Amino acid sequence: MAAKKRPLVILTHALPPDWIKELEEKTRLVIGPEGGEGLTQELESNLHQAEGLLTLLMDPVKEDLLENAPQLKVVSNMAVGVDNIDISTCTERGIPVGHTPGILTAGTADLTLALLLSVARRIPEARADAQAGEWNSWNPTGWLGTDLKGATAGIVGMGKIGSAVARRLKPFGVDLIFTNRSPKPDLEEALEAEQVPYSEIVPRSDFLCLHVPLTEETHHMIDRDTLRKMKESAILINVARGPVVDTDALVTALRENWIRAAGLDVTDPEPLPPEHPLYELENCLITPHIGSATHHTRRNMASIASQNLFAGLENRKLAHCVNPEVYD
Ligand code: NAP
Ligand code: GLV
Numbered sequence: 447m448a449a450k451k452r453p454l455v456i457l458t459h460a461l462p463p464d465w466i467k468e469l470e471e472k473t474r475l476v477i478g479p480e481g482g483e484g485l486t487q488e489l490e491s492n493l494h495q496a497e498g499l500l501t502l503l504m505d506p507v508k509e510d511l512l513e514n515a516p517q518l519k520v521v522s523n524m525a526v527g528v529d530n531i532d533i534s535t536c537t538e539r540g541i542p543v544g545h546t547p548g549i550l551t552a553g554t555a556d557l558t559l560a561l562l563l564s565v566a567r568r569i570p571e572a573r574a575d576a577q578a579g580e581w582n583s584w585n586p587t588g589w590l591g592t593d594l595k596g597a598t599a600g601i602v603g604m605g606k607i608g609s610a611v612a613r614r615l616k617p618f619g620v621d622l623i624f625t626n627r628s629p630k631p632d633l634e635e636a637l638e639a640e641q642v643p644y645s646e647i648v649p650r651s652d653f654l655c656l657h658v659p660l661t662e663e664t665h666h667m668i669d670r671d672t673l674r675k676m677k678e679s680a681i682l683i684n685v686a687r688g689p690v691v692d693t694d695a696l697v698t699a700l701r702e703n704w705i706r707a708a709g710l711d712v713t714d715p716e717p718l719p720p721e722h723p724l725y726e727l728e729n730c731l732i733t734p735h736i737g738s739a740t741h742h743t744r745r746n747m748a749s750i751a752s753q754n755l756f757a758g759l760e761n762r763k764l765a766h767c768v769n770p771e772v773y774d
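Under the numbering used here, the residue at position 26 of the sequence shown is numbered 472, and the numbers go up by one with no gaps.
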C-alpha cells in the first residue's frame, strides 16, 4: 500500500531543530528565515498547497493570505496573543486557530516583576551613572526610588498573567486593585484584591500594569487623557501589546513628567527602531518583547504549537483553540 503523503506545513520562521523534530518527522515542512515578519516569497508560493501554518506573533494572518491558502486546515500561533490573526475570517473558513496559553504565564509574570522592580528602584539609571563615573560617594539623595510596601498596584486585565503578577506582588506588601470587563468576585477573594472600574484604577495606581489582549477595545486604552489622570509619581508597566498604549502620548508624558516612569516589554512600533525618542528617556526602560523568553518556556510553546497543529491536520479538536465556535 502506498504510504500516505505527509501534509505540507509552513513554519514562518526558523526554530531550533530539536524544538521542531516532531514537526519535521510528521509533515513536509517549509521553513522561513529567522527574524522578519510575515511570509517570504518562497513561503507564499507554497501557500496554495499548505494544510498547516505555524506562525509567530509578528506574522499577519489576514484575509489576503487566507484566500491564497485554500487547503489550510489549521493555523497555530506560537504565542498566547492572537492579535496578528484575523480570527473571524479563519472561523468563516472553518479553520481552527491554536495558541499557547498557560505555559508562558509564570515567565511573563516574572518579567513583569523584573521590569517593575527595576523601574521602581531606578536600576538602569543607577548602573549607567555608576559606569559613567558619577558614583562619587554614598549619596543620601541619589537614585531615590519608589517603595512597593504600601503602594497600590493596578492590574488592567486580571487574567492568567495578571493574576500571576498579583500573586507575586502580594508578599511585597502591595495593595492590589484590578479591572476587567466582567465581575470577578472569586479573584477578589483569592487575591485579596479589589475590582474597580477602569476610571478608578487609573488615578489610584502607583504601579499600573497592563495585561489585556490587544483588541479594538484595548487599542490606545492608555492615551493622552489617561496619562493625564495618572499620579505624577506613577509607573506604567506594559507587558501586554504595544498598541494598548498611544506611544506619542507616552513620550510626552515621560518627557514632561506627567508620570514618573515606564517599563515596556512591548512597544508600538515593534521592533522599536534605535533612533526612537523612547530610548532617549532616562525614565523609560525597554526590553525587546522577552516576556516568555526562557529556555523552558519557549521550548514548551513550540511543543504546544506543534500539538495544536497536528490536531488540526488530523481533524481533531485543538487543545488550545481560540475559536472553538469553528466546531459548531
Ligand atoms: P488571559 O488569561 O485571557 O487574560 C486577559 C484578561 O484581560 C482577561 O482576564 C480578560 O478578562 C481581560 N480583558 C480583556 N479585555 C479587557 C478590557 N477591555 N478591559 C479590561 N480587561 C480586559 O490572557 P493572558 O494569558 O493573561 O495574556 C494576556 C495578554 O498578554 C496576551 O493576550 C498577550 O497579548 C500578552 N502577552 C505578552 C507577553 C510578552 O512577552 N510581553 C507574553 C504573553 C502574553 P475579561 O474578559 O473578564 O475582561
Ligand atoms: C507573547 O507576547 C505572547 O502573546 O505569547
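Just so it is clear, CB atoms sit at the ideal spot from N, CA and C, and this is done for glycine as well.
Model, not experiment: these values are computed from the prediction.
Sorted by position in the chain, Ala525, Val526 and Gly527 make up the residues whose C-beta lies under 5 Å from a heavy atom of the ligand GLV. About 15 Å separates the beta carbon of Ile668 from that of Arg650, a gap too long to meet the 8 Å contact definition.
Residues Arg568, Glu571 and Ala572 of the same chain have their beta carbon placed closer than 7 Å to that of Trp589, with the five preceding and five following residues left out of the count. Beta-carbon to beta-carbon, Val658 and Gly603 are separated by about 3 Å, close enough to satisfy the 8 Å threshold.
Of the candidates Gly498, Ala748 and Leu682, Ala748 places its Cα closest to the Cα of Asp464.
By the criterion of at least three beta-carbon pairs nearer than 8 Å, the stretch 662-681 is not in contact with the stretch 536-553.
Annotation: His766 to Leu469 spans about 18 Å, alpha carbon to alpha carbon. Taken through DSSP and simplified to helix, strand or coil, Arg474 comes out as strand. Under the three-state reduction of DSSP output, Leu764 falls in the coil class, being neither helix nor strand.
Distances from the CB of Glu663 to the heavy atoms of the ligand NAP include at least one below 7 Å. Excluding the 5 residues flanking it on each side, Thr743 has same chain C-beta neighbours closer than 7 Å at Ile549, Leu550 and Gly553, in chain order.
In the three-state DSSP reduction, Gln517 falls in the coil class, being neither helix nor strand.
In the three-state DSSP reduction, Asp464 falls in the helix class (H, G or I). Assignment of Asn492 by DSSP, reduced to helix, strand and coil, places it in the helix class.
In this structure, the beta-carbon distance from Val648 to Lys675 falls below 8 Å. At a threshold of 7 Å, His735 counts as near the ligand NAP, since its beta carbon sits closer than that to one of the ligand's heavy atoms. Measuring C-alpha to C-alpha distances from Leu727 to each of Leu503, Leu700 and Gly737 identifies Leu700 as the nearest. Within the same chain, Cβ atoms closer than 8 Å to the Cβ of Leu489 are found at Ile456, Thr458, Val476 and Gly478, the five residues on either side in sequence being excluded.
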